[in-house]
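The sequence shown begins at 493 in our numbering and counts up by one.
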Amino acid sequence: MTLTNRQGHPISDNQNIRTVGNRGPSTLENYHFIEKISHFDRGHIPERVVHARGAGAHGYFEAYGTVGGEPVSKYTRAKLFQEKGNRTPVFVRFSSVVHGGHSPETFRDPRGFAVKFYTEDGNWDLVGNNLKIFFIRDPLKFPDMVHAFRPDPVTNLQNPERMFDFVSNSPEATHMITFVFSPWGIPANYRQMQGSGVNTYKWVNKDGEAVLVKYHWEPVKQGIKNLTQREAEAIQAKNTSHATQDLYEAIERGDYPEWELCVQILSDDEHPELDFDPLDPTKLWDHEKFPFLPVGKMVLNKNPENYFAEVEQAAFGTGVLVDGLDFSDDKLLQGRTFSYSDTQRHRVGTNYLQLPINAPKTRVATNQRDGQMAFHVDRAPGQNPHVNYEPSSLGGLQEASPAGKEHEPSYNAKLVRQKLDRTNDFGQAGDTYRKFEEHEREELISNLVDALKICSPVIREKMIEHFTKADPDYGRRVAEGLAKAGASGGHLSSRDAEQG
Ligand code: HEM
């Protein structure tokens, strides 16, 4: 196979640039060299602002056709779920959150679990994490949270004092911190972890009736495995890419990972009988009251052919739903839904949805035109090429007929800036603490003490207060651990604060 440049010109010398005599100088018309080096110079795109480190794989989702023994159509008309055995191709990207694209995969951090379903009705993205809840419930707090968790803007070092400064002033984070500082904060790899959509969505049936749903991925075949801090450090000493390697090698040897997709269903109302709001993403829906109902399984059976083209350029978003799936009023979900496509227009480019990894496998016919790197026109066969607008009587695109009755929730409330009524920031943190096995509680306390012992007294005191409100034993053990560790002072003095 002959080497060419991107203009299709055969390249007969790929070793020497053109020079005046073999000692130079070189000439400016070295087209092959300039094309090659300037393409290389532009070889990176911005990293994801969060979830920069990741690995991906292709596979399929197979529907069961039922939910909790009933036909799934009772709750949703989404086509991909209806027929038992119906297979939908998927692409999945797993990730860690806070650090950069080459950071170790052993860090204590939630793990991303993003699934793109290429359905017959266009794409559906389910952008989740391994843990079932989140740190905050209002999207306005997300940039502050990420700043606090990221390296210090002065030292470029991650500092638990900054992280716990934010967390101690955000009591709703107590539940998530309880998970993240336990062994659940370091999954052993991407195959042996759960996934969850975290936010509350809706399912809509043919009559336009809705229920609230949460989605969960269960790794029934592989099981769940987490690491202690020491186990993670031992892996990190030898391998900073162990999770990417594990996923790639398992698929290469034909040991395809599988997850069962389960939903929890609640009627679409405020549920005053609960001590939390079902739209609050810092809360679990108790699986004993609201069982996990399987709706299908996912198998990952093909590695990407090119990491950059597929994994790096993949763009997932919570706004990408198909007919029969809808948003709930979960504020965090609504904030996320703006953020993903906004960042992707910057990170990948205006026409990111034309890239093969992001494009649906169904026909796309829009009147959107042009922009950087547009490489084809989203035109339907037979569409008049002069008509890139709608409505038109001259052979342009026509609106589709509705697939079913619209779900039309109605509202009668003031426009306000207010928290949810039932915040209950500590109750479920205590439940989770008590449900842990003793070795998980020991690991949790030890990790918290390690992080908090270098924090200012005001932060330690607030955190102990929050843990005590969750469970008196929890607060007592953290306080005793800190006393034993001789915790003293914070690193960020007021002098540093004055500087900047
Ligand atoms: C990635 C925003 C909460 C899961 C991202 C990205 C942004 C973002 C800007 C980078 C996307 C890209 O460059 O393609 C937000 C905001 C949140 C939020 C504003 C809250 C207000 C969450 C939550 C979850 C989550 C609660 C889990 C349910 C993910 C995942 C990715 C991601 C898995 C990586 C997707 C991939 O693999 O490309 N998020 N996020 N995020 N987020 Fe969020």
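We put the CB at the ideal spot given by N, CA and C, even for glycine. Predicted model only: the values in this text are computed from it and were never measured.
| Query | Result |
| --- | --- |
| Return the chain-ordered ranges of every beta strand (DSSP E) run that is complete within the stretch 797-867 and spans a minimum of 3 residues. | 817-819 |
| Smallest Cα separation from histidine 708: which of Pro643, Tyr903, Glu725, Ile625? | Ile625 |
| Measuring alpha carbon to alpha carbon, tell me which of Met685, Ile503, Phe658 ends up nearest histidine 639. | Phe658 |
| With DSSP as the reference, label asparagine 681 as helix, strand or coil. | coil |
| Comparing the CB of arginine 642 with every heavy atom of the ligand GTP, is any distance shorter than 7 Å? | The ligand GTP is not among the ligands present in this structure, which contains only the ligand HEM. |
| Tell me whether asparagine 621 sits in a helix, a strand or coil according to DSSP, three-state version. | strand |
| Hey, how far is the Cα of serine 820 from the Cα of glutamine 650? | 35 Å |
| Hey, would you say the C-beta of alanine 547 is under 7 Å away from at least one heavy atom of the ligand HEM? | no |
| In chain order, which beta strand (DSSP E) runs of at least 3 residues are fully inside the stretch 495-565? | 546-555 |
| Does the stretch 791-802 come close enough to the stretch 736-749 that 3 or more CB-CB pairs lie under 8 Å? | yes |
| Based on the DSSP secondary-structure assignment, which residues constitute the bridge partners of serine 587? | Gly546, Gly604 |
| Whole angstroms are fine: how far does the CA of glycine 715 sit from the CA of valine 950? | 41 Å |
| From the DSSP secondary-structure annotation, give me the bridge partner or partners of asparagine 615. | Tyr610 |
| Rounded to whole angstroms, what is the Cα-Cα separation between phenylalanine 784 and glutamine 756? | 5 Å |
| Does the Cβ of valine 712 have 16 or more other Cβ atoms within 10 Å, making it buried, or fewer, making it exposed? | exposed |
| Mind checking whether asparagine 850 and alanine 807 have CB atoms under 8 Å apart? | yes |
| Does DSSP classify leucine 974 as helix, strand or coil? | helix |
| Around the Cβ of threonine 829, are there at least 16 other Cβ atoms within 10 angstroms (buried) or fewer (exposed)? | buried |
| Does valine 638 come out as helix, strand or coil in the three-state DSSP assignment? | helix |
| Which partner residues does glutamate 934 have in the DSSP bridge list? | Beta-bridge pairing links glutamate 934 to no other residue. |
| Determine the DSSP secondary structure at isoleucine 757, reduced to helix, strand or coil. | strand |
| Looking at the structure shown, is arginine 969 part of a helix, part of a strand, or coil, going by DSSP? | helix |
| Going straight from the alpha carbon of aspartate 644 to that of lysine 911, what length do you get? | 29 Å |
| With distances taken between CB atoms, is the gap from valine 997 to alanine 544 smaller than 8 Å? | Nothing about residue 997 can be reported from this structure: the residues present for the chain run from 493 to 992 only. |
| Let me check you understand the geometry: is the CB of valine 607 closer than 7 Å to at least one non-hydrogen atom of the ligand HEM? | no |
| In this structure, how does DSSP classify glutamate 752 when only helix, strand and coil are distinguished? | strand |
| Flag this pair as touching only if the stretch 614-628 and the stretch 754-774 have three or more C-beta atom pairs under 8 Å; answer yes or no. | yes |
| Let me know the secondary structure DSSP gives threonine 960 once reduced to three states. | helix |
| Considering methionine 790, what are the terminal residues of the alpha helix (DSSP H) in which it resides? | Not the alpha helix (DSSP H): methionine 790 falls in the beta strand (DSSP E), residues 785-794. |
| Report the three-state DSSP secondary structure of threonine 732 (helix, strand or coil). | coil |
| Between histidine 543 and the ligand HEM, is there a pair consisting of the residue's CB and a ligand heavy atom that are separated by less than 7 Å? | yes |
| Check the C-beta distance from tryptophan 676 over to asparagine 718 and give it rounded, since I have them as a contact under 8 Å. | 6 Å |
| Quick one: what does DSSP say asparagine 660 is sitting in, helix, strand or coil? | The identity of residue 660 in the sequence shown is serine, whereas the question assumes asparagine. Helix, per DSSP. |
| Taking the alpha-carbon of lysine 853 as reference, which of Gly535, Pro602, Phe609, Met493 has the nearest alpha-carbon? | Phe609 |
| If you pair each beta-carbon of the stretch 928-941 with each one of the stretch 685-702, do three or more pairs fall below 8 Å? | no |
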